[in-house]
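What follows is a set of notes on a single structure, which appears directly below.
Protein chains: 2
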Amino acid sequence: MADITLKKLAELLNLSISTISRSLNDDYQINQTTKDKVIALAKELNYQPNPYAGSLRKKGSKTIAVILPEVANNFFSLAIDGIEEVAQKNGFHVLIYLTHENYLKEVDIANHLMNGRVDGILMSLSSETNNLEHLDKLIEKGIPLVLFDRVSDKINSPHVTTDDFEVSQKATEHLITAGSKKIAFLSLSRYLSIAEKRFKGYSSALKKHDLDLDEKLIVSLTNSLEENYENIKKLIIEEKPDAIFASVESLAMTVYEVVNDLKLKIPNDIKVLSFSNLRIASFLAPSLTSINQPAFEIGRQATSILTRAIKYGKFETPLEKIILKSELQIRNSTV
Amino acid sequence: MADITLKKLAELLNLSISTISRSLNDDYQINQTTKDKVIALAKELNYQPNPYAGSLRKKGSKTIAVILPEVANNFFSLAIDGIEEVAQKNGFHVLIYLTHENYLKEVDIANHLMNGRVDGILMSLSSETNNLEHLDKLIEKGIPLVLFDRVSDKINSPHVTTDDFEVSQKATEHLITAGSKKIAFLSLSRYLSIAEKRFKGYSSALKKHDLDLDEKLIVSLTNSLEENYENIKKLIIEEKPDAIFASVESLAMTVYEVVNDLKLKIPNDIKVLSFSNLRIASFLAPSLTSINQPAFEIGRQATSILTRAIKYGKFETPLEKIILKSELQIRNSTV
Numbered sequence: 001m002a003d004i005t006l007k008k009l010a011e012l013l014n015l016s017i018s019t020i021s022r023s024l025n026d027d028y029q030i031n032q033t034t035k036d037k038v039i040a041l042a043k044e045l046n047y048q049p050n051p052y053a054g055s056l057r058k059k060g061s062k063t064i065a066v067i068l069p070e071v072a073n074n075f076f077s078l079a080i081d082g083i084e085e086v087a088q089k090n091g092f093h094v095l096i097y098l099t100h101e102n103y104l105k106e107v108d109i110a111n112h113l114m115n116g117r118v119d120g121i122l123m124s125l126s127s128e129t130n131n132l133e134h135l136d137k138l139i140e141k142g143i144p145l146v147l148f149d150r151v152s153d154k155i156n157s158p159h160v161t162t163d164d165f166e167v168s169q170k171a172t173e174h175l176i177t178a179g180s181k182k183i184a185f186l187s188l189s190r191y192l193s194i195a196e197k198r199f200k201g202y203s204s205a206l207k208k209h210d211l212d213l214d215e216k217l218i219v220s221l222t223n224s225l226e227e228n229y230e231n232i233k234k235l236i237i238e239e240k241p242d243a244i245f246a247s248v249e250s251l252a253m254t255v256y257e258v259v260n261d262l263k264l265k266i267p268n269d270i271k272v273l274s275f276s277n278l279r280i281a282s283f284l285a286p287s288l289t290s291i292n293q294p295a296f297e298i299g300r301q302a303t304s305i306l307t308r309a310i311k312y313g314k315f316e317t318p319l320e321k322i323i324l325k326s327e328l329q330i331r332n333s334t335v
Numbered sequence: 001m002a003d004i005t006l007k008k009l010a011e012l013l014n015l016s017i018s019t020i021s022r023s024l025n026d027d028y029q030i031n032q033t034t035k036d037k038v039i040a041l042a043k044e045l046n047y048q049p050n051p052y053a054g055s056l057r058k059k060g061s062k063t064i065a066v067i068l069p070e071v072a073n074n075f076f077s078l079a080i081d082g083i084e085e086v087a088q089k090n091g092f093h094v095l096i097y098l099t100h101e102n103y104l105k106e107v108d109i110a111n112h113l114m115n116g117r118v119d120g121i122l123m124s125l126s127s128e129t130n131n132l133e134h135l136d137k138l139i140e141k142g143i144p145l146v147l148f149d150r151v152s153d154k155i156n157s158p159h160v161t162t163d164d165f166e167v168s169q170k171a172t173e174h175l176i177t178a179g180s181k182k183i184a185f186l187s188l189s190r191y192l193s194i195a196e197k198r199f200k201g202y203s204s205a206l207k208k209h210d211l212d213l214d215e216k217l218i219v220s221l222t223n224s225l226e227e228n229y230e231n232i233k234k235l236i237i238e239e240k241p242d243a244i245f246a247s248v249e250s251l252a253m254t255v256y257e258v259v260n261d262l263k264l265k266i267p268n269d270i271k272v273l274s275f276s277n278l279r280i281a282s283f284l285a286p287s288l289t290s291i292n293q294p295a296f297e298i299g300r301q302a303t304s305i306l307t308r309a310i311k312y313g314k315f316e317t318p319l320e321k322i323i324l325k326s327e328l329q330i331r332n333s334t335v
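Going down the list, the protein sequences come from chains R and H. Quick note: the first sequence uses the numbering used here, first residue 1, plus one each step. Quick note: the second sequence uses the numbering used here, first residue 1, plus one each step.
Set out below in structure tokens:
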């Protein structure tokens with residue numbers, strides 16, 4: 001069978017090539033009945049747009065890139081579900097790129113996307129990312145960029161986050177109320193604004209309850225599982241905290257491993273609380289007190305902002321900065 | 001600053017444009033010292049190849065697509081790590097596409113990749129996939145395709161799997177030895193060859209121990225978390241199995257939820273065993289007896305086969321069919 005072209009579709013439907021093309025690109029100037037008819041026939045005949053020709057003609061590839069630190073993390077896999085839901089409704093394919101928390105990899109991916117390979121980008125920064133030139137360059141090239149969760153206020157783009165300061169303050173106060181006086185804080189990185197906000201929530205709760213901030217109780221995440229294990233072990237042995245607040249999901253399980261290996265009991269010897277969207281938090285021994293972020297909704301809203309910007313050729317001004325609420329779920333690891 | 005072109009790089013290094021281009025494409029005819037020099041300068045000057053021009057000239061996009069059912073699953077996230085390790089060494093970008101276990105989505109993604117958007121494809125089939133025409137079409141178009149884990153023998157491509165029959169037989173025998181006589185089996189789908197192999201391992205162990213195969217004890221996974229919950233609940237209430245063998249990771253936690261909601265005790269009232277690469281299997285209450293697949297190594301080997309095929313323009317013949325060994329880890333949910 002010969003390849004189906006726009007011209008062929010136009011002939012079969014007795015419409016202009018331009019109407020066919022604009023229908024397939026979901027142009028708002030074409031009425032929905034016509035669009036539906038065109039899309040139905042294109043699907044039936046398995047019409048394949050030529051992506052390169054399309055891109056050269058600046059029609060867009062109908063593709064969104066999602067740049068993430070990792071996927072072995074329930075927060076990000078739920079966010080992807082939210083992203084895909086909105087992307088699919090708007091006819092976009094979703095490509096996922098992983099940085100593995102590596103700044104150079106993030107730069108490499110940004111460069112790879114610089115030449116219009118995708119219509120827009122959703123992104124959550126790696127924990128190593130401090131210099132933001134690679135993102136400024138994407139914005140200069142006119143590629144729509146929306147950040148979510150791990151954002152930076154230094155980037156001129158819309159973003160979607162949660163109430164990191166407030167919920168971290170609330171979680172720390174919960175530990176203090178439950179009797180903790182020496183609360184260790186496991187941080188994502190000092191570069192990211194969410195890490196800073198979570199840390200400020202923690203330190204403001206300490207201050208409110210007249211507890212000293214002790215730098216020796218603060219440990220930053222590295223890229224290595226083994227290093228994180230050793231750093232947390234050292235922290236517990238040397239500083240003997242009575243509680244640990246993990247500000248990042250992947251550290252919660254490492255804490256359980258260390259505590260178990262040191263033959264300590266949660267919550268009697270040490271309380272544990274973590275940011276986490278793990279579905280199994282309630283089935284852990286003991287069940288984990290966690291901060292649940294609305295990950296699905298974060299993905300949904302970030303994608304709505306992005307697809308609207310792609311459709312209308314620009315972001316709404318002022319740039320949207322959306323803050324959603326997280327939830328503290330108290331379980332047996334703290335009480 | 002003017003854009004850096006191949007010509008500019010050639011001038012600066014006093015080499016031919018063809019040598020520069022072939023060095024950047026890792027051509028085996030160029031010696032490594034020259035390649036290193038070219039790559040170093042290209043990186044230093046932030047040389048950006050034009051992906052569309054490159055593709056039109058059939059030079060390849062240096063990109064691999066990975067099509068997966070989901071990422072909220074430790075098996076796939078570990079496999080991605082293995083894929084990325086090998087891809088990175090060979091200079092390929094990795095794009096991840098998710099089918100969410102949906103056959104139509106899988107076809108849509110395959111069509112999207114039909115026109116040479118990527119150099120090769122790694123893939124694990126969705127549980128709904130029965131018709132394989134979309135993959136035959138990719139192969140006809142000359143796009144290298146390697147399947148892993150959820151493969152089909154009906155596809156003419158290399159694949160990497162584990163010893164699904166043997167380890168499932170061993171796991172079932174473990175349950176029988178531990179005293180189970182009425183073992184329910186939770187299956188991924190009847191279409192996939194791994195589902196069939198796991199089921200055959202289960203039924204062959206029953207036969208060996210003179211236990212009847214009861215169709216009422218077999219439940220197939222659907223795409224809905226709620227449906228899976230209800231089906232497992234119905235199974236436990238109506239059939240009263242004394243053990244459950246979940247042949248797919250995502251069902252293990254649903255079983256824990258149902259058993260907990262029915263106020264039954266694991267392993268006294270019902271034993272539970274599952275395929276799982278969950279790092280937290282040992283911290284569940286009770287800890288989960290699991291079959292661990294070498295997910296990282298599966299990803300690594302599948303990617304090695306693919307990158308070699310991309311480099312040499314063809315697969316080795318006969319097509320490689322690699323089988324790796326899984327491991328049964330006995331914990332408190334069965335003994």
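Glycine residues also receive a C-beta, built at the ideal position from the N, C-alpha and C atoms.
### Task
Report yes or no: is there a C-beta of chain R within less than 9 Å of the C-beta of residue 97 of chain H?
yes
#### Entry: Member of R:299, R:4 and R:180 whose CA lies at the smallest distance from the CA of residue 266 of chain R
R:180
#### Entry: 6 Å Cβ shell around residue 38 of chain R - same chain, five flanking residues per side excluded
20 and 23
#### Entry: Inter-residue spacing [alpha-carbon to alpha-carbon] between residue 280 of chain R and residue 202 of chain R
25 Å
### Task
Please list the partners that residue 284 of chain R has in chain H, where partner means a Cβ-to-Cβ separation under 8 Å.
Result: 280, 283, 284 and 285.
### Query
At a Cβ cut of 7 Å, what residues of the region 110–137 of chain H count as close to chain R, listed as they run along the chain?
111, 112, 114, 115 and 117
### Query
Which residues bound the beta strand (DSSP E) around residue 114 of chain H?
Unbroken run through residue 114 of chain H: none, as it is neither H nor E.
### Query
Taking C-alpha atoms, which residue in H:330, H:147 and H:156 lies nearest to residue 140 of chain H?
H:156
### Query
With a cut-off of 9 Å, does the C-beta of residue 236 of chain H fall near any C-beta of chain R?
no
### Query
Assuming residue 9 of chain R and residue 41 of chain R make a contact with CB atoms under 8 Å, what is their CB distance in whole Å?
Taking C-beta atoms under 8 Å as the contact rule, residue 9 of chain R and residue 41 of chain R qualify, at a distance of about 6 Å.
### Task
State whether the region 172–179 of chain R contacts the region 120–138 of chain R, with contact taken as three or more CB pairs (one from each stretch) at a distance under 8 Å.
no
### Message
What would DSSP say about residue 254 of chain R, mapped onto helix, strand or coil?
### Response
If DSSP states are grouped into helix, strand and coil, residue 254 of chain R belongs with the helices.
### Query
Should the region 165–172 of chain R be regarded as contacting the region 212–230 of chain R, the criterion being three or more beta carbon pairs within less than 8 Å?
no
### Query
Going by the beta-carbon positions, is the gap between residue 69 of chain R and residue 152 of chain R smaller than 9 Å?
no
### Task
Tell me residue 63 of chain H's beta-bridge partners as DSSP assigns them.
DSSP lists H:93 as partners of residue 63 of chain H.
### DSSP-derived helix/strand/coil call for residue 303 of chain R
In this structure, residue 303 of chain R counts as helix in the three-state DSSP scheme.
### Query
From residue 92 of chain R to residue 67 of chain R, what does the alpha carbon distance come to, in whole angstroms?
16 Å
### Task
Can you tell me which of the three DSSP states residue 313 of chain R falls into?
Coil at residue 313 of chain R, not helix or strand.
### Query
What do you reckon, is the C-beta of residue 21 of chain H under 8 Å from a heavy atom of the ligand ADP?
Looking at this structure, you won't find the ligand ADP or any other ligand, since it has none at all.
### Query
Going by the beta-carbon positions, is the gap between residue 252 of chain R and residue 276 of chain R smaller than 9 Å?
yes
#### Entry: Cα-Cα separation between residue 241 of chain H and residue 263 of chain H, rounded to whole angstroms
Going by the C-alpha atoms only, they are around 15 Å apart.
### Task
Could you confirm whether any beta carbon from chain R is found closer than 9 Å to the beta carbon of residue 156 of chain H?
Not closer than 9 Å to any Cβ of chain R, the Cβ of residue 156 of chain H fails to qualify, so no.
### Message
So if I threshold CB-CB distances at 9 Å, which residues from the region 77–103 of chain H count as touching chain R?
### Response
77, 78, 80, 81, 84, 88, 93, 94, 95, 96, 97, 98 and 100
### Message
Quick check on the burial criterion: 16 or more other C-beta atoms within 10 angstroms. Buried or exposed for residue 190 of chain R?
### Response
exposed
### Message
Excluding the 5 residues flanking residue 295 of chain R on each side, which residues of the same chain have their C-beta closer than 6 Å to its C-beta?
### Response
Correct list, in chain order: 75, 78, 79 and 277.
#### Entry: Contact list for residue 46 of chain R against chain H, beta-carbon separation under 8 Å
111
### Query
Which class does residue 5 of chain R belong to by DSSP, given the choice of helix, strand or coil?
Coil, per DSSP.
### Task
Measure from the C-beta of residue 74 of chain R to each C-beta in chain H and report whether the shortest distance is under 9 Å.
yes
### Message
Can you tell me where the alpha helix (DSSP H) holding residue 338 of chain H begins and where it ends?
### Response
Residue 338 of chain H cannot be examined here, being either before or after the span of chain H that is shown, 1 to 335.
#### Entry: Beta bridge counterpart(s) of residue 219 of chain R as assigned by DSSP
Answer is R:186.
### Beta-carbon gap between residue 217 of chain R and residue 239 of chain R smaller than 9 Å
yes
### Query
When DSSP labels each residue in this structure, what does residue 122 of chain H get in the three-state scheme?
strand
### Query
Do residue 98 of chain R and residue 258 of chain H have their C-beta atoms closer together than 9 Å?
No, these two residues do not count as a Cβ contact at 9 Å.
### Query
Closest by CA to residue 161 of chain R, which one among R:133, R:124 and R:128?
R:124
### Query
With respect to the beta strand (DSSP E) encompassing residue 162 of chain H, which residues constitute its N-terminal and C-terminal limits?
159–162
### Rounded distance between the beta-carbons of residue 327 of chain H and residue 292 of chain H, thought under 8 Å
5 Å
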